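Numbering (this note's numbering) for the sequence shown: 1 to 410.
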Amino acid sequence: MAYYRALGRLPRQRHTQLRDEDGHLFREELMGEEGFSSDSSLLYRRGVPSAITDSTVWELADQTRTPNHPLKPRHLKLHDLSTGQCPVEGRRLVLGNNDVRIAYVVTGTEPSPLYRNAIGDECVYVESGSGTVETVFGVVPYRSGDYVVVPRATDHRWVPAEASRLYAIEANSHIHPPKRYLSRFGQLLEHAPYCERDLHGPTETFQADGADVEVLVKHRTSAGIVGTRLTYATHPFDVVGWDGCLYPYTFNIEDYMPITGKVHQPPPVHQVFEGWNFVICNFLPRKVDYHELAIPVPYYHSNVDSDEVMFYVGGDYEARKGSGIGIGSISLHPGGHAHGPQPSAIEASLGVQYFEESAVMVDTFAPLELGEGGLAVQDPAYAWTWAGRGPGPSGPASGDDGGPAVFSNS
Numbered sequence: 001m002a003y004y005r006a007l008g009r010l011p012r013q014r015h016t017q018l019r020d021e022d023g024h025l026f027r028e029e030l031m032g033e034e035g036f037s038s039d040s041s042l043l044y045r046r047g048v049p050s051a052i053t054d055s056t057v058w059e060l061a062d063q064t065r066t067p068n069h070p071l072k073p074r075h076l077k078l079h080d081l082s083t084g085q086c087p088v089e090g091r092r093l094v095l096g097n098n099d100v101r102i103a104y105v106v107t108g109t110e111p112s113p114l115y116r117n118a119i120g121d122e123c124v125y126v127e128s129g130s131g132t133v134e135t136v137f138g139v140v141p142y143r144s145g146d147y148v149v150v151p152r153a154t155d156h157r158w159v160p161a162e163a164s165r166l167y168a169i170e171a172n173s174h175i176h177p178p179k180r181y182l183s184r185f186g187q188l189l190e191h192a193p194y195c196e197r198d199l200h201g202p203t204e205t206f207q208a209d210g211a212d213v214e215v216l217v218k219h220r221t222s223a224g225i226v227g228t229r230l231t232y233a234t235h236p237f238d239v240v241g242w243d244g245c246l247y248p249y250t251f252n253i254e255d256y257m258p259i260t261g262k263v264h265q266p267p268p269v270h271q272v273f274e275g276w277n278f279v280i281c282n283f284l285p286r287k288v289d290y291h292e293l294a295i296p297v298p299y300y301h302s303n304v305d306s307d308e309v310m311f312y313v314g315g316d317y318e319a320r321k322g323s324g325i326g327i328g329s330i331s332l333h334p335g336g337h338a339h340g341p342q343p344s345a346i347e348a349s350l351g352v353q354y355f356e357e358s359a360v361m362v363d364t365f366a367p368l369e370l371g372e373g374g375l376a377v378q379d380p381a382y383a384w385t386w387a388g389r390g391p392g393p394s395g396p397a398s399g400d401d402g403g404p405a406v407f408s409n410s
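This is the structure we're talking about:
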């Protein structure tokens, strides 16, 4: 994203000498996207960023995926998922395809190992908790409601100050604001629901010492996603200064300005980020449609080109009888299946003026498969809740009981 920042010691001009007090030359490193054709930053290091002393296998957690076949909508109860406590190694794969993976972890308070995702950017939604992310660019604090955006190949580690629930969206691409919100030079425009003031990057450089320091690297081979333990001669956190438009940052959903309308607005108005073949949206507390005959809940819609994933993180879902959805739930509504509100929700929503809800949505343009974590916490009754009964023409009732239900998305 073309939003320039500069921290620490820098030479007056790029690619020129910068020395310490004893005359030793700092090493300049360009970290850039798409070769030399997109955003980049220049980092000035005390050590040699290429100096590795060992390389061994890092055995990743189970990355297997199971197709959503036979096709049906799914409800996954993430708060029932047992995870490891490490913010990196404790993640369990919930959903994924060849463009993006969604994982979940409930951390302890121990820092993660040093970590680098060499496959793509990560956008980690902080469902709850607080702490910091230490990076080669500096320290980025995080809190509940933050999106933590970490560019591909950024060395970093998570340092939770308290137990944190992290919803990790791992891309095979870069993640950035929607292009329609950006000027041709990269500035967020007036119609965007947030601006540069809302993006919080590092405010000072952060350095650490050490020799033979291990970094966990997630990367790709022809066989798929794999892990390597690289050992570096010196600590990767040796950057004395950097400048450019590529760096980690946070954006809190409290700073997002929802776009509303006279009638129900489609999900793209809630978009916050996008990557290759997927988008990220957030649905937040807001005034709803103000046409005198408006129906605040969405019309039924068929995802012709995409799978829709909703992660419900706040609000009151007690009234949504029969679906089982609550805080900590994921719903997966796949392409090829029409979906929308529970039948009783439509009449119950008439006249409602405000929705008190928070949800993070990921729409993908290739089918999603279930990870082992998603399979572990499925709700087998969810798919039949619109019909109000179980599978088969005369299955047992397992869905909507006809009671009031107000629900605005998916």
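For every residue, glycine included, the Cβ atom is placed at its ideal position computed from N, Cα and C. Model, not experiment: these values are computed from the prediction.
- Excluding five sequence positions before and after G32, the CB atoms of its chain that fall closer than 6 Å to its own CB belong to S40, given in chain order.
- Contact check for K218 against A103 fails: the beta carbons are separated by 8 Å or more.
- Taking the Cα of T154 as reference, the smallest distance to any Cα among V239, Q187, D209, F251 is reached at V239.
- Per DSSP, the unbroken alpha helix (DSSP H) holding L375 starts and ends at 372-376.
- P87 is not a Cβ neighbour of S128, given a cutoff of 8 Å.
- When DSSP states are grouped into helix, strand and coil, Y115 belongs to the strand group.
- Closest in C-alpha terms to G373, from the list S222, G96, P334, G315, comes G96.
- Contact between F283 and H291 does not hold, since their C-beta atoms are separated by about 20 Å, which reaches or exceeds 8 Å.
- About 6 Å separates the CB atoms of G138 and L7; that is less than 8 Å, so the two are in contact.
- Short of 7 Å from the beta carbon of L30, and not among the five residues preceding or following it, lie these beta carbons of its own chain, in chain order: S40, L42.
- Within the segment 327-388, the complete alpha helix (DSSP H) segments at least 4 residues long are 343-349, 372-376, listed from N- to C-terminus.
- The DSSP-derived three-state label of E254 is helix.
- Inclusion of G324 and S358 in the CB contact set at 8 Å is not warranted, their separation being larger than that value.
- Residue pairing by DSSP puts K218 in a beta bridge opposite N117, G227.
- Residue environment analysis places N98 among the exposed positions, since fewer than 16 neighbouring C-beta atoms fall within 10 angstroms of its C-beta.
- In this structure, the alpha-carbon of T231 lies about 5 Å from that of I52.
- Setting aside the 5 residues that flank it on each side, S349 is surrounded in the same chain by I295, P296, V297, V406, each with a C-beta closer than 7 Å to its C-beta; the list follows chain order.
- Residue W58 holds the alpha-carbon nearest to the alpha-carbon of E214 among L76, W58, R45.
- Here V288 has P296, F355 as same chain residues with Cβ atoms under 6 Å from its own Cβ, once five neighbours each way along the sequence are excluded.
- Under the three-pair Cβ rule at 8 Å, the segment 193-200 does not count as touching the segment 378-389.
- The C-alpha of S50 lies about 14 Å from the C-alpha of V136.
- Nearest to G224 by C-alpha distance, out of F251, G244, P266, N172, is N172.
- Within the same chain, Cβ atoms closer than 8 Å to the Cβ of K262 are found at D289, Y290, H291, A294, the five residues on either side in sequence being excluded.
- Assigned with DSSP and collapsed to three states, K179 falls in helix.
- Per the C-alpha coordinates, the member of V377, N303, G371, C123 positioned closest to H339 is N303.
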